[in-house]
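Following: one structure in structure tokens, then a few remarks.
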Amino acid sequence: MESHSTIIGIVIALVIIIPLIFIQTSQKRQKKNSRKGFMEEASKHHLQVKTPDFWGTYYAMAIDETANKLIYSKIIDAEHQVTLVDLSLVDSCDIVRTQRTHKNKTTSKIETDRIDLVITYKSKNKEVLEFYNVDVNFEMNNEIALLDKWNTIIKSKIFKKAQAA
2 MESHSTIIGI VIALVIIIPL IFIQTSQKRQ KKNSRKGFME EASKHHLQVK TPDFWGTYYA
62 MAIDETANKL IYSKIIDAEH QVTLVDLSLV DSCDIVRTQR THKNKTTSKI ETDRIDLVIT
122 YKSKNKEVLE FYNVDVNFEM NNEIALLDKW NTIIKSKIFK KAQAA
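Last residue of the sequence shown? That's 166 in the numbering used here, and every number before it is there in order.
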């Protein structure tokens, strides 16, 4: 009787552990492929990126200091949507949060739906770089820190350019 309980316990443990291992392995492979694809996209556009940032499973961003260009990628349906930003043409950079408020009788809760980095060119055209979308990633991890980092980098490039002029 005791050996049956042990066997049943082992089978239940395997039924729980094997799918978790499979999911984790699949996510690692997906992240590795997205990183490789991003670097290939940068090479296609003749950009030399040294320290790209990757977050979530879908987002990547890097800068080519020599060319003064930013490359951003978001994967949608296994395809890289690439945005190139020539920093010499940028006028401003702002963080835009889209939030909603849930109210009930006693409390009010604010939830973030999206966080974007909005780049405005001198021509007044805008580029919206999505950093977080609740429909893509259920939970925020390091998006805020990366957003602040890239906002600072872009603004410093704009400031240096304005000083040189």
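Just so it is clear, CB atoms sit at the ideal spot from N, CA and C, and this is done for glycine as well.
Cut-off 7 Å between Cβ atoms - residues of its own chain near residue i, not counting five sequence neighbours on either side
{"i": "E131", "result": "K75, R115, D117"}
{"i": "Q49", "result": "D65, T67"}
{"i": "T26", "result": "none"}
{"i": "W151", "result": "M62, L118"}
Spatial neighbours of residue i in its chain, beta-carbon cut-off 6 Å, leaving aside the 5 residues before and after
{"i": "N134", "result": "R115"}
{"i": "Q100", "result": "I111, T113"}
CA-to-CA distance, residue j to residue i, given in whole angstroms
{"i": "D95", "j": "L88", "result": "14 Å"}
{"i": "H46", "j": "V16", "result": "46 Å"}
{"i": "V107", "j": "T52", "result": "Val is not the amino acid found at residue 107; the sequence shown has Thr there. Distance between the alpha carbons of T107 and T52 is about 47 Å."}
{"i": "S157", "j": "V83", "result": "23 Å"}
For residue i, three-class secondary structure by DSSP
{"i": "F139", "result": "coil"}
{"i": "T99", "result": "strand"}
{"i": "A61", "result": "strand"}
{"i": "L71", "result": "strand"}
{"i": "T186", "result": "Within the shown structure, residues of the chain are numbered from 2 to 166, placing residue 186 beyond reach of any answer."}
Where the beta strand (DSSP E) through residue i begins and ends
{"i": "S124", "result": "Taken as a continuous stretch (DSSP letters only), S124 belongs to no beta strand (DSSP E), as it is neither H nor E."}
{"i": "Q49", "result": "Premise fails: Q49 is in no beta strand (DSSP E) and is neither H nor E."}
Span of the alpha helix (DSSP H) around residue i
{"i": "T7", "result": "3-45"}
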